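Asker:
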Ligand SMILES: Nc1ncnc2c1ncn2[C@@H]1O[C@H](COP(=O)(O)OP(=O)(O)OP(=O)(O)O)[C@@H](O)[C@H]1O
């Protein structure tokens, strides 16, 4: 018997099982809270029926399901192309992103503070799991590192792209002048203007963290999960950005709108 073996199971088997478990857990975290979760359930039922057909020797059924499965795989790749690309991009991102994330957070918060001080209206959506490509497509594509002066320049009055929202992916600004979906008027946010309602609307349809600087009040707020948070000072804004955006990748966890944000995101009417 091998020196490393523990009875029938040796250390290599244990390592194998642990790695597979870790992989399955990562896959679970990728799909939970996304539209893919129902598809995964469907695939599991499909696979269950297929295995049962094979075990029971139902040749025609298992052959049919096997062929349908191959076609289905291609269909899934097409259907989930945006999500797959986002996952691969996340996996492929190089190390050192902690440093980049810290710098992006500080620059973004500084830009928000300066815009608020000068009462310059601004709207910025930070992408998390839900791809924001369809909204980015309504504006002008950019590819610029986040910096406070750049964001301030984008929203400066009379600047060509100051109207509409900016979209951020990680530490890069990827689009400006974008049209976000307005919150459907259910009465809750009726007294707010279109900038705030566009922020709430986008946060309703995606898991994006949407930042707003009010031109009227010079306040900074976050919309998340279809709700508008309270006015934030610079410290609170940094803390929220850290918890909601710039920490999650390294922790491997995207906070859901209900979790950490709840502390400071009481609904505002
Ligand atoms: N659907 C939209 N998508 C993105 N930006 C929008 C959208 N609708 C309006 N905006 C932006 O909001 C600006 C108008 O803001 P408005 O004054 O109506 O809103 P508000 O919520 O009262 O904000 P503020 O407190 O800054 O005045 C527009 O000039 C435009 O830049």
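Residue numbers (the UniProt record's numbering): 1 to 269.
Heads up, the beta-carbon is just placed ideally off N, CA and C, and yes, glycines get one too.
Treat the numbers as computed from the prediction; the structure is a model and nothing was measured.
(1) What I want to know is whether the C-beta of residue 111 ends up closer than 6 angstroms to one or more non-hydrogen atoms of ligand 1.
(2) For ligand 1, any of its heavy atoms closer than 6 angstroms to the Cβ of residue 165?
(3) Unbroken alpha helix (DSSP H) runs of length 4 or more, entirely within the segment 138-167: which are they?
(4) Apart from the five residues just before and just after residue 142, which ones in its own chain have a Cβ nearer than 8 angstroms to its Cβ?
(5) Which residue from 187, 109 and 134 puts its Cα closest to that of residue 239?
(6) Does ligand 3 have even one heavy atom less than 6 angstroms from the beta-carbon of residue 203?
(7) For residue 183 versus residue 164, is the C-beta distance shorter than 7 angstroms?
(8) If you measure between the beta carbons of residue 208 and residue 127, is that distance less than 7 angstroms?
(9) Taking only the alpha-carbon atoms, compute the straight-line gap between residue 170 and residue 101 and give it to the nearest angstrom.
(10) Could you check the C-alpha separation between residue 232 and residue 15 for me, to the nearest Å?
(11) Which runs of the alpha helix (DSSP H), 4 residues or longer, sit entirely within the segment 173-213?
(12) Sort 104, 225, 187 and 210 by Cα distance to residue 150 and report the nearest one.
(13) Confirm the yes/no value for this check: CB of residue 279, any heavy atom of ligand 1, distance under 6 angstroms.
(14) Can residue 180 be considered in contact with ligand 1, in the sense that its beta carbon sits closer than 6 angstroms to one or more heavy atoms?
(15) For residue 220, list the residues DSSP reports as bridge partners.
(16) Could you have a look at residue 68 and say whether DSSP puts it in helix, strand or coil?
(17) By alpha-carbon positions, which one of 181, 37, 203 and 62 ends up nearest to residue 48?
(18) If I measure Cβ to Cβ from residue 40 and keep anything under 7 angstroms in the same chain, skipping five residues before and after, which residues do I get?
(19) I want to check one thing, is the minimum distance from the CB of residue 198 to the heavy atoms of ligand 1 below 6 angstroms?
(20) Classify residue 137: buried if its beta carbon has 16 or more other beta carbons within 10 angstroms, exposed otherwise.
(21) Using the three-state DSSP reduction, which class does residue 273 fall into: helix, strand or coil?
(22) Taking only heavy atoms of ligand 1 into account, decide whether any of them is closer than 6 angstroms to the Cβ of residue 234.
(23) Mapping DSSP to helix, strand and coil, what is residue 128?
(24) Pairs of beta-carbons, one from the segment 223-232 and one from the segment 185-200, closer than 8 angstroms: are there three or more?
(25) Is the separation between the beta-carbon of residue 155 and that of residue 211 shorter than 7 angstroms?
(26) Using only the heavy atoms of ligand 1, determine whether one of them is closer than 6 angstroms to the beta carbon of residue 195.
(27) Hey, would you say the C-beta of residue 215 is under 6 angstroms away from at least one heavy atom of ligand 1?
Answerer: According to the structure data:
(1) Within the chain shown, the letter at position 111 stands for residue 111. Because no heavy atom of ligand 1 lies under 6 angstroms away, the Cβ of residue 111 does not count as near it: no.
(2) Taking the chain shown and counting its residues from 1, the one referred to as residue 165 is at position 165. Yes, Cβ of residue 165 sits closer than 6 angstroms to a heavy atom of ligand 1.
(3) 148-155
(4) Walking along the chain shown from the start, residue 142 turns up at place 142. 173, 174, 175 and 176, listed in sequence order.
(5) Counting from one through the chain shown, the residue named residue 239 turns up at place 239. If we check each option's Cα against that of residue 239, 109 comes out closest.
(6) The model on display carries ligand 1 but not ligand 3.
(7) Numbered from 1 along the chain shown, position 183 holds the residue referred to as residue 183. Numbered from 1 along the chain shown, position 164 holds the residue referred to as residue 164. No. Outside cutoff.
(8) Position 208 of the chain shown, counted from the start, is the residue given in the question as residue 208. Position 127 of the chain shown, counted from the start, is the residue given in the question as residue 127. For residue 208 and residue 127, yes; Cβs fall inside 7 angstroms.
(9) Within the chain shown, residue 170 is the residue found at index 170, counting from 1. Within the chain shown, residue 101 is the residue found at index 101, counting from 1. The straight-line gap from Cα to Cα measures roughly 7 angstroms.
(10) Position 232 of the chain shown, counted from the first residue, corresponds to residue 232. Position 15 of the chain shown, counted from the first residue, corresponds to residue 15. Approximately 47 angstroms between the Cα atoms of the pair.
(11) 194-205
(12) In the chain shown, counting from the first residue as 1, residue 150 sits at position 150. When only C-alpha atoms are compared, the closest one is 104.
(13) For residue 279 there is no data in the structure shown, the boundaries of the chain being 1 and 269.
(14) Taking the chain shown and counting its residues from 1, the one referred to as residue 180 is at position 180. Flag set: Cβ of residue 180 near ligand 1.
(15) What you label residue 220 is simply residue 220 of the chain shown in a count that begins at 1. DSSP output for residue 220 lists 213 and 232 as bridge partner(s).
(16) Counting from one through the chain shown, the residue named residue 68 turns up at place 68. Three-state DSSP puts residue 68 in a helix.
(17) In the chain shown, counting from the first residue as 1, residue 48 sits at position 48. Ranking 181, 37, 203 and 62 by Cα distance to residue 48 puts 62 first.
(18) Mapped onto the chain shown, residue 40 falls at position 40. If we look at residue 40 and ignore the five residues flanking it on each side, its Cβ neighbours are 31.
(19) Within the chain shown, numbered from 1, the residue matching residue 198 stands at position 198. Yes; taking the cut-off as 6 angstroms, the Cβ of residue 198 has a heavy atom of ligand 1 nearer than that.
(20) In the chain shown, counting from the first residue as 1, residue 137 sits at position 137. Label assigned to residue 137: exposed.
(21) What the structure shows of the chain is the stretch from 1 to 269, and residue 273 is not part of that stretch, so it cannot be assessed.
(22) The sequence position of residue 234 within the chain shown is 234, counting from 1. It does not: the Cβ of residue 234 is nowhere closer than 6 angstroms to a heavy atom of ligand 1.
(23) Looking up residue 128 in the chain shown gives position 128. Residue state, collapsed to three classes: coil.
(24) yes
(25) In the chain shown, the residue the question calls residue 155 occupies position 155. In the chain shown, the residue the question calls residue 211 occupies position 211. No.
(26) One-based indexing of the chain shown puts residue 195 at position 195. Checking the Cβ of residue 195 against ligand 1 gives yes.
(27) As a working mapping, residue 215 is identified with position 215 in the chain shown. The answer is yes for residue 215.
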